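Below: one structure, written as C-alpha cells.
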Amino acid sequence: AMLDKNGYDHYMLKEIHEQPQAVAQTINGRLDLELGKINIDNYGISNINLKEIDRIQIIACGTSFYAGSLARYFIEKFTKIPVEVELASESRYRTSTVNSRTLSIAVSQSGETIDTLQAIKFSKENGAQTLAIVNVPGSTIAHNCHDESLIYAGPEVGVASTKAFSAQVSSLIILGLALAQEQKKLSSEKITECIDELVKVPSLLEKTLTLSSYIEKISKKFYKASSILFIGRGQQWFVAMEGALKLKELSYIHAEGYAAGELKHGPIALIDENLWVVCLAPKDSYYEKTISNIEEIRARGGKILSVGTEGDEDLKSISDEFIGVVECSEIILPFLTAVPMHLLSYWIAVKKGTDVDQPRNLAKSVTVE
Ligand code: G6P
248 AMLDKNGYDH YMLKEIHEQP QAVAQTINGR LDLELGKINI DNYGISNINL KEIDRIQIIA
308 CGTSFYAGSL ARYFIEKFTK IPVEVELASE SRYRTSTVNS RTLSIAVSQS GETIDTLQAI
368 KFSKENGAQT LAIVNVPGST IAHNCHDESL IYAGPEVGVA STKAFSAQVS SLIILGLALA
428 QEQKKLSSEK ITECIDELVK VPSLLEKTLT LSSYIEKISK KFYKASSILF IGRGQQWFVA
488 MEGALKLKEL SYIHAEGYAA GELKHGPIAL IDENLWVVCL APKDSYYEKT ISNIEEIRAR
548 GGKILSVGTE GDEDLKSISD EFIGVVECSE IILPFLTAVP MHLLSYWIAV KKGTDVDQPR
608 NLAKSVTVE
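According to the UniProt record's numbering, the sequence shown is numbered sequentially starting from 248.
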C-alpha cells in the first residue's frame, strides 16, 4: 500500500494507535459543547427526517456488525426506539418488514461490501429511510442511500479493522443522541452529560494504549493455545465477539465470543484446565453477574484473563492474568476494553509469525458474494 507505516512494524499497530485521533475526527464539529446539542447538519443528515423514525435497522458485516451491535444498547437507551442489528448477508434474503418510518443504516468502513450494499438497497426499495455510515468518501454504499455520514477515521490499510470500529461506535452514539434530541426523548442536560463523556474518549484511549507493552508480555502465554473463549455481558458481549473475531483472523487460533449468561447453556462444557477464557468484566451495570460467571469458570479449572477496571482487587484475585482500564462511565467503557482485544490479537499474531496486515484468505473489502 501507498501509506507510510510511520515507524510501526505493521499498519495494524499504527491504526490501533490512531484510535484517539480517529474518534476525535468522528466527533469533531458534531457536538456543540456550549449549547449541549448535536449538530445534525454536520453529521450528514439532510434528507432523512429523524422526527419520524420509529424503528431502526443496522445492517453490516464483520467488525462493522459488532460496532452496530454494541451501539444498539446506547441508541435504545437514549431513544427507546427498537433497534435491530442485521448481518447483511442474511437480511437481504429475508422478508422485508421496513416502512417509511424505519431508519436503515448501512455501517461499512469501505462502503463497498457487496452484501451490505445489496441489503441496504433492498431496504430502500421497500421504503425505508437509508443512511450510510462509511469511512471512504464517495463510496458505492453512500451513493445508494438517502444520506451519507462519514466517520473520518482516516485510511485503514490493515485487513483487520481497528480504528474504524471505534469511530463507527462513536458515530452511532452521536446518531442516537441526535435522534433523542429531535424526538425530545432526552433533556438537554442529559444530552450535555453524554457529550461531555464522549469528548473524553480520545484522551482515555491514549492512556489505554500504553498497555501495549504489558499485553505484548502476557501474549506469550496464549500464542500456543488451540482455542480461546471470550465472554462479556451487555456492550461487553460485543467487545468479546470482536476480540474473538480478531484472534481468529490474525492468529488462526480458534476463538469464540459468547454472552456470559449463555455459558451455562453450552460452552461451560468446554472448560478445563487447558482452556483460557478472556473475561470482560469492567465495573458497569452487569459487573456482579459477570463476576459470578467468572467464578463458575474458575470452579471448573478454566484459566482466566480478565479485562476489568484498574485497581479491582476482587477481580484480580480470581484471575490468572488481569488487564485494567481506567474507571469511567458506561459510554466510554467499551472503547477502552476494545483496545486490549486488538492488542492481544496483534501481539499473539506477531509471536506466531502470521501475516498481520494481510491474513490468509481474507480481504479488506469483500466485493463478491
Ligand atoms: C472484511 C474485512 C473486515 C470488515 C468486513 C466488513 O471482512 O476483513 O475487517 O470488518 O469486511 O467491511 P466493511 O468495509 O463493510 O466495514
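By construction, the Cβ of each residue, glycine as well, lies at the ideal position given by its N, Cα and C atoms.
Treat the numbers as computed from the prediction; the structure is a model and nothing was measured.
DSSP links G479 through a beta bridge to A506. Pairing G358 with V332 gives a Cβ-Cβ distance that is not under 8 Å. Secondary structure of V572 (DSSP, three-state): strand.
Note on N294: under 16 other CB atoms within 10 angstroms of its CB, so exposed under the neighbour-count rule. Rounded to the nearest whole angstrom, the C-alpha separation of G423 and N521 is 42 Å.
Residue environment for N296: exposed (fewer than 16 other C-beta atoms within 10 angstroms of its C-beta). Approximately 11 Å separates the beta-carbon atoms of T363 and S370; this is outside 8 Å, ruling out the contact.
Distance check between G549 and each of I578, D531, A516 places A516 closest, using alpha-carbon atoms only. Residue side-chain check: G490 keeps its Cβ at 7 Å or more from all non-hydrogen atoms of the ligand G6P. When C-alpha distances from E496 are compared across S460, I306, K611, E262, the shortest belongs to K611.
DSSP, read as helix, strand or coil, puts L527 in strand. By the C-beta density criterion, Y340 is exposed, having fewer than 16 other C-beta atoms within 10 angstroms.
The Cβ atoms of F412 and T310 lie closer than 8 Å to each other. I442 is positioned such that its CB atom lies no closer than 8 Å to that of L580. Between L527 and V586, the gap from beta carbon to beta carbon reaches 8 Å or more. For S293, DSSP records no beta bridge to any residue. Collapsing the DSSP output to three states places D301 in coil.
Residue pairing from DSSP leaves E281 without any beta-bridge partner. For Q356, the secondary structure class from DSSP, reduced to helix, strand or coil, is coil.
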